[in-house]
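Peer 1: Counting the first sequence from 1 gives a position; my numbering is that position plus 39.
Glycine included, C-beta positions come from ideal geometry on N, C-alpha and C.
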Amino acid sequence: MARYAQVIVDVPAMQTNRPYTYELPQELQDQAQVGMRVIVPFGKGERQIQGFIVGLTDEYELAIAPKRVTSLMDLAPVLNNEALQLADWLAQKTFSFKIRCLQVMLPNVMRASYSKSLRLLSAVELPQELNSLFAGGSEIEFDESKLSAQQLNKLAQMRQAGHLEVVYHVKDRAKAKLVGVVTSLVDEQNYTQFKAKVRKNAHKQLELLEFLYQNPHQSFLQTKLQADLQVSLNQLKKAAQQGWLKLAQQERYRDPYGDKTLQVTTPKQLTPEQQRAVEQIDQAITAKNATAFLLEGVTGSGKTEVYLQAIAHALSQGRSALMLVPEISLTPQMVQRVKERFGKDVAMLHSALSDGERYDEWRRIERKEAKVVVGARSAIFAPLDDLGLIIIDEEHEASYKQEDMPRYQARDVALWRGKYHNCPVVLGSATPDLATRARAQKGVYQQLNLTKRINGSSLPQVTLVDMREAVKTAPAPDFSQILLDQITERLARKEQVVLMLNRRGYSSFVLCRDCGFVLKCPNCDVSLTLHMDTHSMKCHYCGHEEAIPNRCPSCDSKKIRYYGTGTQKVQAELEKLLPEARILRMDVDTTRKKGAHERLLAKFGAHEADILLGTQMIAKGLDFPDVTLVGVLNADTSLSLPDYRSSERTFQLLTQVSGRAGRADKTGQVVIQTYNPEHYAIQLACRQDYEQFFFYEMNLRHLNNYPPYYYTIKITVSAKSEAEAAKESFAIKKGLDQCLSPQALVLGPTPSSILKIKNRFYYQLVIKYKQEPALEKYLQDLLLQSQSGEKKGIMVVIDREPVNFL
DNA sequence: AGCACGCCGACT
DNA sequence: GTCGGCGTGCTC
40 MARYAQVIVD
50 VPAMQTNRPY
60 TYELPQELQD
70 QAQVGMRVIV
80 PFGKGERQIQ
90 GFIVGLTDEY
100 ELAIAPKRVT
110 SLMDLAPVLN
120 NEALQLADWL
130 AQKTFSFKIR
140 CLQVMLPNVM
150 RASYSKSLRL
160 LSAVELPQEL
170 NSLFAGGSEI
180 EFDESKLSAQ
190 QLNKLAQMRQ
200 AGHLEVVYHV
210 KDRAKAKLVG
220 VVTSLVDEQN
230 YTQFKAKVRK
240 NAHKQLELLE
250 FLYQNPHQSF
260 LQTKLQADLQ
270 VSLNQLKKAA
280 QQGWLKLAQQ
290 ERYRDPYGDK
300 TLQVTTPKQL
310 TPEQQRAVEQ
320 IDQAITAKNA
330 TAFLLEGVTG
340 SGKTEVYLQA
350 IAHALSQGRS
360 ALMLVPEISL
370 TPQMVQRVKE
380 RFGKDVAMLH
390 SALSDGERYD
400 EWRRIERKEA
410 KVVVGARSAI
420 FAPLDDLGLI
430 IIDEEHEASY
440 KQEDMPRYQA
450 RDVALWRGKY
460 HNCPVVLGSA
470 TPDLATRARA
480 QKGVYQQLNL
490 TKRINGSSLP
500 QVTLVDMREA
510 VKTAPAPDFS
520 QILLDQITER
530 LARKEQVVLM
540 LNRRGYSSFV
550 LCRDCGFVLK
560 CPNCDVSLTL
570 HMDTHSMKCH
580 YCGHEEAIPN
590 RCPSCDSKKI
600 RYYGTGTQKV
610 QAELEKLLPE
620 ARILRMDVDT
630 TRKKGAHERL
640 LAKFGAHEAD
650 ILLGTQMIAK
660 GLDFPDVTLV
670 GVLNADTSLS
680 LPDYRSSERT
690 FQLLTQVSGR
700 AGRADKTGQV
710 VIQTYNPEHY
720 AIQLACRQDY
730 EQFFFYEMNL
740 RHLNNYPPYY
750 YTIKITVSAK
760 SEAEAAKESF
770 AIKKGLDQCL
780 SPQALVLGPT
790 PSSILKIKNR
800 FYYQLVIKYK
810 QEPALEKYLQ
820 DLLLQSQSGE
830 KKGIMVVIDR
840 EPVNFL
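(1) Given the structure, does Leu101 come close to the ligand ADP, in the sense that its CB is under 8 Å from one of the ligand's heavy atoms?
(2) So the candidates are Ile419, Phe381 and Leu203; which of them puts its Cα closest to the Cα of His389?
(3) Quick check on the burial criterion: 16 or more other C-beta atoms within 10 angstroms. Buried or exposed for Glu584?
(4) Could you tell me the alpha carbon to alpha carbon distance between Ala323 and Leu363, rounded to whole angstroms?
(5) Under the rule that 16 or more other beta-carbon atoms within 10 Å means buried, what is Asn240, buried or exposed?
(6) Using only the alpha-carbon positions, how far apart do Leu63 and Thr96 sit?
(7) Taking the straight line between their C-alpha atoms, what separation do you get for Gln480 and Tyr729?
(8) By Cβ distance below 8 Å, which residues in the same chain neighbour Ser156 in space, the five residues on each side in sequence not counted?
(9) Count the C-beta pairs between the region 488-500 and the region 337-346 that are closer than 8 Å, then say yes if the count reaches three, no if not.
(10) Scan the region 489-531 and note each continuous beta strand (DSSP E) run of 3 residues or more that stays entirely inside, going in chain order.
(11) Under the three-state reduction of DSSP, which class applies to Arg238: helix, strand or coil?
(12) Is there contact between the region 71-91 and the region 141-161, where contact requires at least three CB pairs shorter than 8 Å?
(13) Could you tell me which residues DSSP pairs with Gln448 in its beta bridges?
(14) From Gly582 to Ala162, what does the alpha carbon distance come to, in whole angstroms?
(15) Once you ignore the five residues that flank Leu160 on each side, which residues in its own chain have a CB closer than 8 Å to its CB?
(16) Which of helix, strand or coil does DSSP assign to Gln257?
(17) Quick one: what's got a C-beta closer than 6 Å to Ala287's C-beta in the same chain, skipping five residues either side?
(18) Residues bridged to Leu569 by DSSP?
(19) Of the residues Tyr43, Pro255, Gln244 and Glu290, which one's Cα is nearest the Cα of Leu275?
(20) Provide the residue(s) that pair with Ile47 in DSSP beta bridges, ordered along the chain.
(21) So who's on the other strand from Cys551, going by DSSP bridges?
(22) Where does Arg212 sit, in a helix, a strand or coil, going by DSSP?
(23) Can you check whether the CB of Val510 is closer than 9 Å to the CB of Ser519?
(24) If you compare alpha carbons, which of Thr330, Pro365 and Val317 is closest to Ile350?
(25) State the start and end residues of the unbroken beta strand (DSSP E) segment that holds Pro80.
(26) In this structure, how does DSSP classify Met737 when only helix, strand and coil are distinguished?
(27) Is the separation between the beta-carbon of Pro422 and that of Ala130 shorter than 9 Å?
(28) How many angstroms separate the CA atom of Ala765 from the CA atom of Arg799?
(29) Quick check on the DSSP output: the alpha helix (DSSP H) that includes Asp728 runs from which residue to which?
(30) Let me check one thing: in DSSP terms, what residues is Ile711 bridge-paired to?
(31) Do Met506 and Gln655 have their C-beta atoms within less than 9 Å of each other?
(32) Would you call the region 327-334 in contact with the region 455-473, where contact means no fewer than 3 C-beta pairs closer than 8 Å?
(33) For Gln280, which option in Lys440, Pro306, Asn715 and Leu224 has the closest C-alpha, if you only look at C-alpha atoms?
(34) Output the boundary residues of the alpha helix (DSSP H) element that contains Asp776.
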């Protein structure tokens, strides 16, 4: 009987949301299982592509003849039932193509790479243009971009005549790392026999034989043996033929951590508050309740210890645990803490891993060799089964939202998986996302509070500096006298200082004082940013780079100056003011290289610098006992962004960075410089008053019809010309008007705040709504339609609950 | 992406 | 009258 496989196919540059049915050849019928990767032919050209089996049936109802599965790529399914269900839900929820949702659950290397080659079919005379191409061979790599138009033309002709065919290849890049292993077969019994056969003057062979005899039946790493005994692979092969040893390939995990021996830590004594939180979570784990908890705890209140003990409880129940942290706080400090507690049960998934390392960690999880997974956003798809607990640390972080398809929110995926596994989900933060906190208020989430700092240390004292006044007497444009005095004081006491430059929505640019000309990127609608290290102007969107002008290109005036504040400029100011201070700068430029972030932090931790100067990336998760002063140079740049969340972001940032000051014995000081000292976000951040902020901001959201009172969906249209982008976005607006009820609001279409990026023009629409039964369908249709527009260069992006409105 | 189908201009 | 242009649509 014929069997058929329903396959979601991965066709480059073409996506559908429905499976295609393929016939399974007899020999694959028994092996094929749902969740396996397959290779199938697709389209008229019988091009070979990768796909996923999502169903198996005996029925085939189409009028056309079925095509057959070429081969299976896996021996066992790589996606289980949960993953397949989750992919369906994701596709629907995030307006994504199913294939993308399936792929996001697997390590990169399991996505096939495609190539094609040209094969000569008959021994025909080659035209001159192609002679050098084939160079006597009959099959060559086919790369269109490397061939001239004439050559392509000739190739097409030959193909037409049947002399040539295009062969498509699907390459599975998922390869376990193999190491050569040598096992000694020499022992008492055969030693003399072997030795007799060796020429007396063959020193190397005798040496090898002797070594094998000394270590009977032991195994050695082939490369190490070769180095130690100075023998070649050929000699080993020869020895293997003689029966002295066995050469084999063994699978080995790539080890991203090295052989560092870790000290095992034991659970710490909990405060009564922590104790209560742990108990509640443990109860939900034991009772298999999919409860969502909001663990709201001020910085330093010991959230991590609560996580660790709850994880331990899940493990004690024989279940596994998943913990998500923002990428930036996946610093060695955090990794270390979890590894120290749970040892080799832990798998890490973060962006610093190579594709191969990530694949190995994935397989360790899949084989149940790791029961605890710690990772950034995409680790939420880790193939743990029997989950007992999911933790999202710093749940308010914007980085939990993926910015390209599938545009998922890891928190939502966590809640889905919690329901699937009947396990609790803990959302932890000092400054929860407003929507999360609102749900706790309504009782949808259960709130757990940690109100006290763990060692009884008090919250830092915060001083607000009104820069409108202070700037008049300021020793430098970015430093008030108050802040400078405070810094000087710390330097004298050999304590450390963290300075944060709020760069969100801000950059340094060049402006002509005579005509107002601003140097802009020729490809993008943004001003170029000054980089003193390379002495050039750079575009942060497309990478365009040019020289710093000394005359205005527009009016030829010499009064062309730098405006704005960059970390480099601040560093220069600071060096002038305090020449003896050792300053460490941390921003996108100094942390671009792999591991640079960690190195800088380690340096600061080792007291090799007095001042850490950086952008928002320093606000998170670092913990240095000697830091007693935190300065925020410009608190308000993030307030002026055209985004309804700008107050929330500012509040969170200031609260977080303030928490970096002071530990244990030393009380911390925070100095915040601002031009908006009356603003509620800044005022309340100073008092570390989350509750007050929550109520104030909720009221504003309510008045202005913003989340969490409304749902939002952003639609972005981009095209090669502004007219096309505008036209398409207005067409979408028209369609929306027809399907939405009068209760829904549509903002736009408007040109995006950065109209042009990389020579493409952007328009956007935002839908705010509460209940729109017809909207879902409309957007799903729009998603499918947008496929055809892409040929013409018109792209439509649908983003549910976007994290930024820019 | 690639290939076929289909309806308008310059050729044998 | 036909060859071929690339706009449009489909791929089990």
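Peer 2: By the coordinates alone:
(1) Ligands are entirely absent from the displayed structure, and the ligand ADP is therefore not among its contents.
(2) Taking the first residue of the first sequence as 1, we reach residue 389 at position 350. Nearest to His389 by C-alpha distance, out of Ile419, Phe381 and Leu203, is Ile419.
(3) Within the first sequence, numbered from 1, the residue matching residue 584 stands at position 545. By the 10 Å Cβ count, Glu584 comes out exposed.
(4) Counting from 1 along the first sequence, the entry for residue 323 is found at position 284. Counting from 1 along the first sequence, the entry for residue 363 is found at position 324. Each residue's Cα considered, the two are about 19 Å apart.
(5) Residue 240 sits at position 201 when you count from the first residue of the first sequence. So Asn240 ends up on the exposed side.
(6) Here residue 63 is taken as the residue at index 24 of the first sequence, counted from 1. Here residue 96 is taken as the residue at index 57 of the first sequence, counted from 1. One C-alpha to the other measures close to 10 Å.
(7) Start at 1 with the first residue of the first sequence, and residue 480 comes out as number 441. Start at 1 with the first residue of the first sequence, and residue 729 comes out as number 690. Cα to Cα, the separation comes out at about 14 Å.
(8) One-based indexing of the first sequence puts residue 156 at position 117. Same-chain partners within the cutoff: Glu178, Ile179, Glu180, Phe181, Val205, Val206 and His208.
(9) yes
(10) Taken in chain order, the whole beta strand (DSSP E) runs of length 3 or more contained in the region 489-531 are 500-505.
(11) For the purposes of this step, residue 238 is taken as the residue at position 199 of the first sequence. Here Arg238 sits in coil by DSSP.
(12) yes
(13) As a working note, residue 448 is residue 409 in the first sequence. Beta-bridge pairing links Gln448 to Lys440.
(14) Here the question's residue 582 lines up with position 543 in the first sequence. Here the question's residue 162 lines up with position 123 in the first sequence. In this structure, the straight-line span from the alpha carbon of Gly582 to that of Ala162 is close to 49 Å.
(15) Here residue 160 refers to the residue found at position 121 when the first sequence is read from its first residue. Here the set comprises Gly201, His202, Leu203 and Glu204.
(16) Within the first sequence, numbered from 1, the residue matching residue 257 stands at position 218. Three-state DSSP puts Gln257 in coil, outside helix and strand.
(17) Locating residue 287 in the first sequence gives position 248, counting from the first residue. Correct list, in chain order: Val220.
(18) Looking up residue 569 in the first sequence gives position 530. Per DSSP, Met576.
(19) Along the first sequence, one-based indexing puts residue 275 at 236. Minimum Cα distance to Leu275 is reached at Gln244.
(20) Within the first sequence, residue 47 is the residue found at index 8, counting from 1. Per DSSP, Phe91.
(21) What you label residue 551 is simply residue 512 of the first sequence in a count that begins at 1. According to DSSP, which records beta bridges pairwise, Cys551 is partnered with Ile599.
(22) Here the question's residue 212 lines up with position 173 in the first sequence. In the structure shown, Arg212 sits in coil (DSSP, three-state: anything other than H, G, I, E or B).
(23) Within the first sequence, residue 519 is the residue found at index 480, counting from 1. Within the first sequence, residue 510 is the residue found at index 471, counting from 1. Against a cut-off of 9 Å, the Cβ pair of Val510 and Ser519 comes out as a contact.
(24) Looking up residue 350 in the first sequence gives position 311. Closest by alpha carbon: Val317.
(25) For the purposes of this step, residue 80 is taken as the residue at position 41 of the first sequence. Taken as a continuous stretch (DSSP letters only), the beta strand (DSSP E) holding Pro80 covers Arg76 to Phe81.
(26) In the first sequence, residue 737 corresponds to position 698, counting from 1. Of the three classes helix, strand and coil, the one that applies to Met737 here is helix, per DSSP.
(27) As a working note, residue 422 is residue 383 in the first sequence. As a working note, residue 130 is residue 91 in the first sequence. No, the pair does not count as a contact, with Cβ atoms beyond the cut-off.
(28) The residue you call residue 765 lines up with position 726 of the first sequence. The residue you call residue 799 lines up with position 760 of the first sequence. Their backbone Cα atoms lie some 12 Å apart in a straight line.
(29) Locating residue 728 in the first sequence gives position 689, counting from the first residue. Careful: Asp728 lies outside any alpha helix (DSSP H) and carries neither H nor E.
(30) Counted from its first residue, the first sequence places residue 711 at position 672. Ile711 is bridged to Leu503 and Val671.
(31) Residue numbering aside, residue 506 sits at position 467 when the first sequence is read from its first letter. Residue numbering aside, residue 655 sits at position 616 when the first sequence is read from its first letter. Not closer than 9 Å, so no.
(32) yes
(33) One-based indexing of the first sequence puts residue 280 at position 241. Here the closest residue by C-alpha is Leu224.
(34) As a working note, residue 776 is residue 737 in the first sequence. Counting along the chain, the alpha helix (DSSP H) containing Asp776 begins and ends at Glu761 to Cys778.
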